[in-house]
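Last residue of the sequence shown? That's 258 in my numbering, and every number before it is there in order. For every residue, glycine included, the Cβ atom is placed at its ideal position computed from N, Cα and C.
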Amino acid sequence: MTKLKSTLQQAVGLLTLALMVSPSYASDATRSDHEWQEKINLCTSCHTVDGNSATPDYPKLSGLHTDYIVKQLTDFKAGKRTSLFMGPIITQIEEKEFKALAEYFSAKKRVPEVAVASELAAQGKKIFESGFVGRVDACSKCHGNEGEGTKTYPRLNGQHSKYIVSQLQNLKSGARSNDNNEEMRKVAKQLSEPEMKAVAEYIASLKEEEPQE
Numbered sequence: 046m047t048k049l050k051s052t053l054q055q056a057v058g059l060l061t062l063a064l065m066v067s068p069s070y071a072s073d074a075t076r077s078d079h080e081w082q083e084k085i086n087l088c089t090s091c092h093t094v095d096g097n098s099a100t101p102d103y104p105k106l107s108g109l110h111t112d113y114i115v116k117q118l119t120d121f122k123a124g125k126r127t128s129l130f131m132g133p134i135i136t137q138i139e140e141k142e143f144k145a146l147a148e149y150f151s152a153k154k155r156v157p158e159v160a161v162a163s164e165l166a167a168q169g170k171k172i173f174e175s176g177f178v179g180r181v182d183a184c185s186k187c188h189g190n191e192g193e194g195t196k197t198y199p200r201l202n203g204q205h206s207k208y209i210v211s212q213l214q215n216l217k218s219g220a221r222s223n224d225n226n227e228e229m230r231k232v233a234k235q236l237s238e239p240e241m242k243a244v245a246e247y248i249a250s251l252k253e254e255e256p257q258e
């Protein structure tokens with residue numbers, strides 16, 4: 046019985062090896078790698094390989110929490126969030142691929158922007174850290190003191206200021222409505238255009254402190 050079992054194990058091993066080196070197996074593996082690279086290329090063509098996009102039309106995805114990215118992709122797919130740029134792209138990505146793509150960008154290091162309007166950023170810092178009593182809570186309350194974000198609230202530090210302003214405008218007008226419990230729509234409606242630009246300028250220059258060794 047032991048000899049028969051050993052013989053069967055050897056046969057299975059040889060069959061597995063034969064399949065692995067067969068042209069069809071190699072073709073499947075190559076095709077799988079090629080298809081994955083195509084999906085990555087769909088994303089990096091706008092968001093760049095390291096997730097730190099060069100233009101404010103496309104947000105930085107680097108360092109965003111995996112769950113947050115998956116939610117946004119799911120909402121784009123379902124039509125709960127719309128975009129002229131993402132509309133044609135999302136049709137080429139399957140839901141089962143969302144998590145892997147999210148993990149790819151989540152692992153990338155966020156590169157902060159350089160604050161140009163220092164006075165504007167100083168005004169934005171007050172809004173980010175303290176908000177307006179009786180009107181708007183501090184941004185840091187949900188997004189973290191360093192803008193690091195969570196599963197639910199996106200990482201903000203180092204994001205393009207123009208992109209942040211555009212999203213606040215969309216939330217205020219209702220053009221974007223996939224926020225949780227309308228939280229951000231309520232906030233955006235309480236902010237003026239100058240206030241949006243100020244807090245966005247501060248957020249763009251914000252970066253997490255390096256861990257102490």
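Please list, in chain order, all residues of the same chain as residue i whose beta carbon is under 7 Å from its beta carbon, the five residues on each side excluded.
i              : result
cysteine 88    : Leu146
asparagine 198 : The residue asked about is misnamed: residue 198 is tyrosine in this sequence, not asparagine. Excluding residues within five positions, the ones whose Cβ falls inside 7 Å are Cys187 and His188.
lysine 122     : Ile135 and Glu140
lysine 166     : The identity of residue 166 in the sequence shown is alanine, whereas the question assumes lysine. Hits under 7 Å: Ala160, Glu246, Tyr247 and Ser250.
lysine 84      : Ile138, Glu142 and Leu146
arginine 221   : Arg126, Gln212 and Asn215
glutamate 240  : Ile172
Provide the residue span of the alpha helix (DSSP H) that contains residue i, from first to last.
i              : result
valine 115     : 111-123
leucine 201    : Leucine 201 -> no alpha helix (DSSP H), and no H or E assigned at all.
glutamate 228  : 228-233
isoleucine 138 : Isoleucine 138 -> no alpha helix (DSSP H), and no H or E assigned at all.
Where does residue i sit, in a helix, a strand or coil, going by DSSP?
i                 : result
valine 94         : coil
serine 107        : coil
histidine 79      : helix
serine 67         : Per-residue confidence for serine 67 stands at a pLDDT of 45, beneath the threshold of 50, marking its modelled position as unreliable; no derived number is given.
threonine 100     : coil
glutamine 214     : helix
leucine 87        : helix
phenylalanine 143 : helix
glutamate 193     : coil
lysine 252        : coil
serine 206        : helix
asparagine 223    : coil
Are any of the Cβ atoms in chain D nearer than 8 Å to that of residue i?
i             : result
aspartate 182 : Protein chains in the displayed structure number just one, and chain D is not present.
Is it buried or exposed, residue i, if we count other Cβ atoms within 10 angstroms and call 16 or more buried?
i                 : result
phenylalanine 130 : exposed
proline 104       : buried
alanine 233       : buried
asparagine 97     : buried
valine 244        : buried
phenylalanine 177 : exposed
glutamate 158     : buried
glycine 132       : exposed
alanine 249       : buried
histidine 79      : exposed
glutamine 82      : exposed
arginine 200      : buried
glycine 169       : buried
lysine 217        : buried
glutamate 193     : buried
valine 156        : exposed
asparagine 86     : exposed
Does the beta carbon of residue i fall short of 7 Å from some heavy atom of the ligand ADP?
i             : result
glutamate 246 : Ligands displayed in this structure: none; no statement on the ligand ADP is therefore possible.
Between which residues of its own chain and residue i is the CB-CB distance below 6 Å, once the five residues before and five after are set aside?
i             : result
proline 101   : His205, Lys207 and Tyr208
threonine 111 : Ala147, Glu148 and Ser151
leucine 106   : His92, Gly96 and Phe150
Leaving out five residues on either side along the sequence, give the residues of the same chain with a beta carbon under 8 Å from the beta carbon of residue i.
i          : result
alanine 99 : Thr93
Runs of beta strand (DSSP E) lying entirely within the stretch 147-190, each at least 3 residues, in chain order:
none
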